[in-house]
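Numbering (full-length UniProt numbering), first residue to last: 1 to 189. The beta carbon of each residue, even a glycine, is placed where N, CA and C say it ideally should be. In what follows, a single structure is set out as structure tokens and then discussed.
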């Protein structure tokens, strides 16, 4: 019996007192409440970032005035038969008064003192056994500026526009594309 009584005393001594247990539960409760408050604050911040006024996911409010843009076209208002206007004139566009050496949309204008070197390009179709099947119907002219050490030079490329006689299809001979299109002008000319 002594051993049974001693075991109950040990359980009573090892078990926390109800006051200490309540204090520990209160501390845990306040810690959990603080954690819930912090997580609620973080969640509201995240919702504001995702669904707030700065978000692109918010629904776009279309003004009432623009709602009729997507509606079927309204019936046009018919003009009365008595009111008809006739236009008896045409408006034209006056030519711009520019000097001859002005820079415009068609390029620079050089004077007569700048030398021009004409380069005739012969397409491969006009060389060889099938040359009789083609006819030259025009010329396409392209200008490029080349720079020499102390002056400039205009290179004038003349490419023939050719037409095949049997099919009557016109084509411009292929121009070789420059691999260095954005490089400075040639100086070895």
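CA-CA distance, residue i and residue j?
| i | j | result |
| --- | --- | --- |
| residue 35 | residue 62 | 42 Å |
| residue 88 | residue 95 | 22 Å |
| residue 170 | residue 156 | 22 Å |
| residue 121 | residue 164 | 18 Å |
| residue 110 | residue 143 | 11 Å |
| residue 117 | residue 97 | 30 Å |
| residue 132 | residue 140 | 21 Å |
| residue 115 | residue 138 | 24 Å |
| residue 112 | residue 136 | 29 Å |
| residue 52 | residue 46 | 9 Å |
| residue 37 | residue 29 | 12 Å |
| residue 90 | residue 99 | 28 Å |
| residue 125 | residue 147 | 32 Å |
| residue 24 | residue 31 | 11 Å |
| residue 39 | residue 20 | 29 Å |
| residue 67 | residue 86 | 36 Å |
| residue 150 | residue 119 | 22 Å |
| residue 166 | residue 154 | 37 Å |
| residue 92 | residue 84 | 24 Å |
Mark residue i as exposed unless 16 or more other C-beta atoms lie within 10 angstroms of its C-beta, in which case mark it buried.
| i | result |
| --- | --- |
| residue 159 | buried |
| residue 162 | buried |
Helix, strand or coil, according to DSSP, for residue i in the structure here?
| i | result |
| --- | --- |
| residue 1 | The predicted model places residue 1 with a pLDDT of 47, which falls under 50 and marks its position as unreliable, so this point remains unresolved. |
| residue 98 | coil |
| residue 62 | coil |
| residue 112 | coil |
| residue 170 | strand |
| residue 118 | strand |
| residue 130 | coil |
| residue 38 | helix |
| residue 16 | coil |
| residue 86 | coil |
| residue 252 | Lying outside 1 to 189, the shown extent of the chain, residue 252 is not represented and no answer is given. |
| residue 91 | coil |
Who does residue i pair with in a DSSP beta bridge?
| i | result |
| --- | --- |
| residue 138 | 161 |
| residue 46 | None; residue 46 has no bridge partner. |
| residue 152 | 147 |
Is residue i close to the ligand HEM? I mean its beta-carbon at under 7 Å from any heavy atom of the ligand.
| i | result |
| --- | --- |
| residue 159 | This structure simply doesn't include the ligand HEM, nor any ligand for that matter. |
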